[in-house]
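According to this note's numbering, the sequence shown holds residues 24 to 397 in order.
Yeah, the Cβ is synthetic: ideal placement off N, Cα and C, and Gly gets one too.
Remember, predicted model here, so these are calculated numbers, not experimental data.
Worksheet: the structure to be examined is printed underneath.
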Amino acid sequence: MSVERPFVRPHLARLAGYAPVVPLSERAAAAGLAPEACLKLDANENPYGMQDGVRDALRQALQETGFGAIYPDPDQMELRAALAGYTGLDASMILAGAGADELLDLTLRAVLAPGSAIITCTPSFGMYPFLADLNQLELIDVPRGDGFALRPDALLEAVQSVRARGVDLVVILTSPNNPTGDLVPRDLLEALLNGGATVMLDEAYVEFAGLDASAQALLSVQPRLIIMRTFSKWAGIAGLRLGYMLATAGLIADLAKVKQPYNVNQAAEIAGIAAIERRAEIGEQLAAIRATRDRLVNALAALPGLEPLPSESNFVLVRVDPAIGSGRELHDRLASVGVFVRTYSDPLLAGSLRISVPRADQLDVLLERIAAVL
Ligand SMILES: Cc1ncc(COP(=O)(O)O)c(C=O)c1O
24 MSVERPFVRP HLARLAGYAP VVPLSERAAA AGLAPEACLK LDANENPYGM
74 QDGVRDALRQ ALQETGFGAI YPDPDQMELR AALAGYTGLD ASMILAGAGA
124 DELLDLTLRA VLAPGSAIIT CTPSFGMYPF LADLNQLELI DVPRGDGFAL
174 RPDALLEAVQ SVRARGVDLV VILTSPNNPT GDLVPRDLLE ALLNGGATVM
224 LDEAYVEFAG LDASAQALLS VQPRLIIMRT FSKWAGIAGL RLGYMLATAG
274 LIADLAKVKQ PYNVNQAAEI AGIAAIERRA EIGEQLAAIR ATRDRLVNAL
324 AALPGLEPLP SESNFVLVRV DPAIGSGREL HDRLASVGVF VRTYSDPLLA
374 GSLRISVPRA DQLDVLLERI AAVL
């Protein structure tokens, strides 16, 4: 009798899988360079790394008996209290997760039944189509137009036509958007919400634009608004996996029942609270990143064949003149000299690269290496 392995459900077996960033050690080895000699600018992490005070808080936690040996708080009370202080919202409107990625998945799974739809505006974060496939959701794309600008009329029209079919939907917008770096116009967001759409607004990079750029003030009047945030980018703890969401208290209470009970580990909780306590010091890093970003944009614009887009975030999307090569070709040339940036299979971005902003002291090296491979 032949024994067959268990098979996964067909829609999961068909998944292409998410294409995550390749670890630095692997990329450096492929380039024949030591990791320290390379510039890792492919995942929009904080180039200054974990702030010293955050590292100290983790070190201290390691000395305590019980650290790591007992389960973390399933209700995330201390973390949510700290986040309440950070956001100015009530803790009942906040839920934390193992990165924004977990909360994006949790929310879509809880709010949309299979066969419902999400509307996205490519180019944007690659996790959204992956989650659509994972959760058996119809993916409706309203691609950005000239200069990668959102197309409000097309978006509002798409919402109307999906609703006319009687299909539930969530609109996912990203502000600042990855990879184009622009903010979602407030009037578009309000038009969508006022029209009755549920909007999941991904503010993973909002700290780089300044918290004033957040749409969180709308939460008190728009129960269909859901905001996603992360500590991965501004707080330099991407490896610890900590994100949170802001939404109306009723939705948060329901999602708190659906989430895995111990989804935020103790190290992430301690580091998150410490990062909030050190937000002034981390704010200095953010100011340096913004200043370096602006220098990077100006310097790239002065190089032949490169056209950087303005950015409100900690990365810059750069269009590459086909005379120089495709985005992929320039990516490969940069990789051979130890500069790791992000390239895309999406045809909309075939001629573009995304470069995360380096530390201020790395900028000259980056520019030299780019100039050398042009
Ligand atoms: C727009 C956007 N949202 C969410 C995430 C994921 O954040 P996290 O590390 O908290 O899962 C990213 C990471 O690249 C992102 O670019």
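Asked: Pull up the CB-CB distance for I293 and A84, whole angstroms please, since I reckon it's below 8 Å.; Found: 5 Å
Asked: Quick check on this structure: which residue in G374, P284 and L135 has the alpha carbon closest to the alpha carbon of T221?; Found: L135
Asked: Figure out for me which residue from I299, N337 and I378 has the closest Cα to the Cα of A104.; Found: I299
Asked: I need the residues with a C-beta less than 6 Å from some heavy atom of ligand 1; please give them in chain order.; Found: N67, G122, A123, D124, F148, T197, N201, D225, A227, T253, S255, A261 and G266
Asked: Assuming V341 contacts P327 (C-beta within less than 8 Å), just tell me the rounded distance between them.; Found: No, V341 and P327 are not in contact; Cβ-Cβ is about 13 Å, not under 8 Å.
Asked: Since F338 is in the alpha helix (DSSP H), which residue starts that stretch and which ends it?; Found: First-last for F338: F338 to V343, but that is the beta strand (DSSP E), not the alpha helix (DSSP H).
Asked: Ignoring anything shorter than 4 residues, give me the alpha helix (DSSP H) runs that lie fully in the stretch 89-177, in order along the chain.; Found: 100-110, 122-134 and 150-157
Asked: May I ask which residues mark the beginning and end of the beta strand (DSSP E) holding T366?; Found: Looking at the DSSP string, T366 is not in any beta strand (DSSP E), and its letter there is neither H nor E.
Asked: Taking only three categories from DSSP, how would you classify T315?; Found: helix
Asked: Within the continuous alpha helix (DSSP H) that includes D191, where are the two ends?; Found: No alpha helix (DSSP H) contains D191, which DSSP labels as neither H nor E.
Asked: Please say whether R316 and N337 have beta carbons closer to each other than 8 Å?; Found: yes
Asked: For the stretch 110-121 against the stretch 278-289, are there 3 or more C-beta pairs whose distance is under 8 Å?; Found: yes
Asked: Out of curiosity, what's the CA-to-CA distance linking D344 and L329?; Found: 6 Å
Asked: Mapping DSSP to helix, strand and coil, what is I347?; Found: coil
Asked: Name the DSSP beta bridge partners of D225, please?; Found: T197 and M251
Asked: Sort out for me which residues DSSP pairs M268 with in a bridge.; Found: L118 and M251
Asked: Quick check on K280: does DSSP put it in helix, strand or coil?; Found: helix
Asked: Among residues of its own chain, excluding the 5 on either side of R351, which ones have a beta-carbon nearer than 7 Å to its beta-carbon?; Found: T366
Asked: Would you report the Cα separation of S139 and D387, rounded to the nearest angstrom?; Found: 48 Å
Asked: Start and end of the beta strand (DSSP E) containing P246?; Found: Neither: P246 is in no beta strand (DSSP E) and is coded neither H nor E.
Asked: Going by DSSP, which residues form a beta bridge with L211?; Found: According to DSSP, which records beta bridges pairwise, L211 is partnered with nothing at all.
Asked: Under a Cβ-count criterion, where at least 16 other Cβ atoms within 10 Å of its own Cβ denotes burial, should H34 be classed as buried or exposed?; Found: exposed
Asked: If you run the structure through DSSP and keep just helix, strand and coil, what is S375?; Found: strand
Asked: Put S274 into one of helix, strand or coil per three-state DSSP.; Found: In the sequence as presented, Ser is not what sits at residue 274; that position holds Leu. Note: L274 maps to helix in three-state DSSP.
Asked: Please go through the same chain and pick out, in chain order, the residues whose beta-carbon is closer than 7 Å to the beta-carbon of A57, but skip the five residues on each side of it.; Found: A51
Asked: Please look up how many angstroms separate the CB atoms of F254 and N201, rounded, as I've assumed it's under 8 Å.; Found: 16 Å between Cβ atoms; not a contact.
Asked: Are I260 and V77 close, meaning C-beta to C-beta below 8 Å?; Found: yes
Asked: Could you check how far apart the C-beta atoms of I404 and E226 are, in whole angstroms? I think they sit under 8 Å.; Found: The question about residue 404 has no answer, for the chain in this structure spans 24 to 397.
Asked: Quick one: measure Cβ to Cβ for G266 and A123, integer angstroms, because I've assumed they're closer than 8 Å.; Found: 4 Å
Asked: Answer with buried or exposed for N217, where buried requires no fewer than 16 other C-beta atoms within 10 angstroms of its C-beta.; Found: exposed
Asked: Taking only three categories from DSSP, how would you classify P58?; Found: helix
Asked: Would you list the residues sitting across from P46 in a DSSP beta bridge?; Found: DSSP lists no partner for P46.
Asked: How would you write the range of the beta strand (DSSP E) that L38 sits in, first residue to last?; Found: Unbroken run through L38: none, as it is neither H nor E.
Asked: Measuring CB to CB, does L376 end up less than 8 Å from H354?; Found: yes
Asked: For A383, which residues from the same chain have a beta carbon less than 6 Å from its beta carbon, with the 5 sequence-adjacent residues on both sides left out?; Found: A311 and T315
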